[in-house]
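In this text, residue positions in the sequence shown follow the working numbering: the first is 9, and each later residue adds one. Heads up, the beta-carbon is just placed ideally off N, CA and C, and yes, glycines get one too.
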Amino acid sequence: MQADAPSVYELLQALLPAPAPVKRQSLLAERHFQRGPWGSGLRSFSQVIFINHPLSGAVLLLAFLLQSPWMALLAGIGVVAANSASRLLNLGRNLRDQGIHGFNGALVGCAAAVLSDSSSVSYAGLIAVLVALGGSLTTVMVELWRRRFHHRGDPPALTLPFCLITWGLLTLVSPRIPDSIEAVKAAASPGSVQALAVGLPHSFGQVFLCSGLASGWLVLLAVAVASPIAAALGACGALIGMITAMAIGADPAAIAQGLWGYNGLLVAIALGGIFHAPGRRTLAIALMGAGLASLLQALQGRWMGNLPPLTLSFIVTTWMMQRLAGRALPALIPVALHAVVSPEEHRKRFLVASELLGRFRRNLQQRVDGIAPNAGGEQPQIELNSQMQDLFDQLDRNHDGNLSLDELRDALLSGGTSKQSHQRRTSSLNDQLTATMASMDLNGDGRIDCSEFSQLIQRLQRLRQGEERLLLYLMPVDSNGNDRLDQDELDLLLQSIGQTPLTSKEQALVFANQQQSLSWHDFVDRLLLS
């Protein structure tokens with residue numbers, strides 16, 4: 009769209025006051041935590057469990073200290089090395105600040121603390137050097153993967169660099185059997201209920217190879233303080249993973265230690281709230297994936313020899329379920345990787361899209377049926393009535409109680425412009441404002457009263473509040489990446505919120521003048537004026 013022909017939505021926003029600043033009173037608000045090396049380091053810890061918050065990272069660091077100061081030290085070395093490599097290679101600062109370049113390095117440090125022999129000073133020094141080297145290599149691997157698999161639908165690297173580097177590290181040093189596994193072999197087998205109850209917090213801890221119960225509870229707390237939905241999904245995934253392990257005859261003591269729950273935990277969070285918005289369908293996919301992760305872990309144990317399984321079954325399961333969901337449920341729209349935030353935010357985007365697109369569809373159906381959209385429908389909120397009346401009175405210059413096309417156009421052209429620019433804007437406004445007036449004119453008398461004007465302003469306010477979330481929600485629908493929405497893509501978008509595809513008459517209204525696709529500006533105008 010040309011710069012001198014702004015959309016109707018952009019034009020009408022000039023009638024609204026500037027949005028009030030968002031007040032964030034929560035102690036967990038991002039503004040309370042400064043960015044920088046400390047922030048990126050703590051986020052590197054929390055990104056292991058799909059959490060982007062430094063407070064969660066601080067809680068995780070405490071969990072490492074409780075497990076062993078050696079683990080906390082090596083995890084820190086891994087993160088510092090990974091983020092330093094990112095800085096030296098001049099890689100994306102935003103990825104480093106968000107902890108994306110550092111979380112695999114953190115896991116390498118945790119694994120080295122548990123799986124390697126550090127009984128002597130010389131061995132401890134060697135392990136620290138190897139962790140630093142391994143942490144740096146994980147950043148290189150993450151960046152190479154990101155550059156190779158950068159198209160929509162490509163699999164994310166997840167914790168694959170951690171697995172590969174850790175297995176390579178263990179071939180250089182003599183791996184030892186960690187205390188947690190020794191304890192499992194010596195422990196008496198608990199009952200099923202006891203194994204599940206104890207295994208739940210242990211599963212959270214085992215994501216970082218922490219075998220202590222206190223560390224496990226702290227990992228669970230680190231997830232819950234930033235995302236209660238992620239904590240609930242993780243708990244459900246861990247339980248499904250452990251129940252599946254019981255069904256295939258796994259050792260109850262190992263289940264109680266969390267060794268069969270952590271992969272299902274990660275799968276459930278990834279599929280149920282990170283790569284898709286939380287909902288019934290995504291929950292079903294997440295729980296199926298959690299069970300599959302345990303089955304793959306059992307198969308993995310048969311051909312991996314003495315190497316620990318780590319998170320390989322989580323990685324493979326997540327890739328498989330993402331591909332399966334994309335083919336079997338095309339209307340299940342994934343979250344764009346660059347727009348991943350938290351399950352709560354992804355759910356809000358879905359709800360905003362459902363509200364705006366649902367209203368759009370109802371208005372379309374009313375127009376097809378010959379009914380004026382919103383006729384007899386909702387009235388402006390009481391607290392907004394006076395504001396809208398004041399705005400209407402300002403625009404109604406002849407004070408006849410109606411708003412004419414000339415009055416609306418004069419209001420939008422009131423800013424100081426040159427004569428030539430004024431003529432261009434007047435020409436571009438005529439068609440746009442004619443469509444706007446037709447949308448507002450519910451009774452068809454050619455003029456707009458205050459009630460009709462108020463309904464448009466309410467739609468405008470709702471759209472301004474939800475525009476960013478709606479855009480982030482629908483971006484993955486644009487499968488060909490042309491920044492336009494065609495008929496098939498719009499049908500897919502509607503199906504994702506439970507709506508049926510557009511009828512031929514509805515398509516004729518949306519894609520007028522034989523348009524094959526809509527730009528984002530055009531689509532927003534349709535949402536506003538339909």
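Asked	Found
Assuming contact is defined by CB atoms lying nearer than 8 Å, are A285 and R367 in contact in what I supplied?	no
Please say whether G272 and G249 have beta carbons closer to each other than 8 Å?	yes
For the segment 116-125 and the segment 82-90, state whether three or more C-beta atom pairs, one from each stretch, are separated by less than 8 Å.	yes
Please classify W46 as buried or exposed, where buried requires at least 16 other C-beta atoms within 10 Å of its C-beta.	exposed
Could you check where the beta strand (DSSP E) with S527 kicks off and where it finishes?	S525 to S527
How many whole angstroms separate the CB atoms of T326 and L166, which I take to be in contact at a CB cut-off of 8 Å?	6 Å
Taking the straight line between their C-alpha atoms, what separation do you get for L340 and F58?	20 Å
Look up L493 in the DSSP assignment and give the residues it is bridged to.	L526
With a threshold of 16 other CB atoms inside 10 Å of the CB of V192, please say whether the residue is buried or exposed.	Confidence at V192 is low in this model, with a pLDDT of 48, below 50, so the placement of that residue should be treated as unreliable; the coordinate-derived value is given next. Buried, by the Cβ-count rule.
Can you tell me which of the three DSSP states S127 falls into?	coil
Quick one: grab the DSSP three-state call for A194.	Low per-residue confidence applies at A194: pLDDT is 47, beneath 50, and the placement is therefore not dependable, though the value from the model is reported in the following sentence. Three-state result, A194: helix.
Should D533 go down as buried or exposed, given a rule of 16 or more other Cβ atoms within 10 Å for buried?	buried
So which of D401, R417 and L500 has the shortest CA-CA distance to P338?	L500
Can you tell me where the alpha helix (DSSP H) holding G242 begins and where it ends?	P236 to A255
What's the call for T511, buried or exposed, on a 16-neighbour Cβ count within 10 Å?	exposed
Reducing DSSP to helix, strand and coil, say where P484 ends up.	helix
Check each candidate in F212, E514 and L70 and name the one with the smallest Cα separation from R375.	E514
Under a Cβ-count criterion, where at least 16 other Cβ atoms within 10 Å of its own Cβ denotes burial, should S223 be classed as buried or exposed?	buried
Should H407 go down as buried or exposed, given a rule of 16 or more other Cβ atoms within 10 Å for buried?	exposed
In three-state terms, what does DSSP make of H109?	coil
Do you know offhand how far L295's Cα is from I323's?	15 Å
Tell me the DSSP bridge mates of H284?	P342
Please state whether DSSP places G423 in a helix, a strand or coil.	Residue placement at G423 is flagged as unreliable, the pLDDT there being 49, under the threshold of 50; the coordinate-derived value follows with that caveat. Three-state result, G423: coil.
DSSP has L399 in a bridge; who is on the other side?	Its beta-bridge partners do not exist; DSSP assigns none.
Measure how close the beta-carbons of L545 and V215 come, nearest whole angstrom, since I'm counting them as under 8 Å.	The question about residue 545 has no answer, for the chain in this structure spans 9 to 538.
Under the three-state reduction of DSSP, which class applies to I173: helix, strand or coil?	helix
Would you check if the distance between the CB atom of V233 and the CB atom of L69 is smaller than 8 Å?	no
Go ahead and label P169 buried or exposed: buried means 16 or more other beta carbons lie within 10 angstroms of its beta carbon, across all protein chains shown.	buried
Given that a residue counts as buried once 16 or more other Cβ atoms are within 10 Å of its Cβ, and exposed if not, what is R477?	buried
Near P164, which residues of its chain fall below 7 Å by C-beta distance, leaving aside the five closest residues on each side in sequence?	L345
Measure the C-alpha to C-alpha separation of D404 and A278 and round it to an integer number of angstroms.	54 Å
Would you check if there are 3 or more beta carbon pairs closer than 8 Å linking the segment 127-147 to the segment 295-312?	no
Put I379 into one of helix, strand or coil per three-state DSSP.	coil
By Cβ distance, which residues of its chain are closer than 6 Å to A258, with the 5 residues on each side in sequence left out?	W268
The alpha helix (DSSP H) spanning V215 covers which residue range?	Looking at the DSSP string, V215 is not in any alpha helix (DSSP H), and its letter there is neither H nor E.
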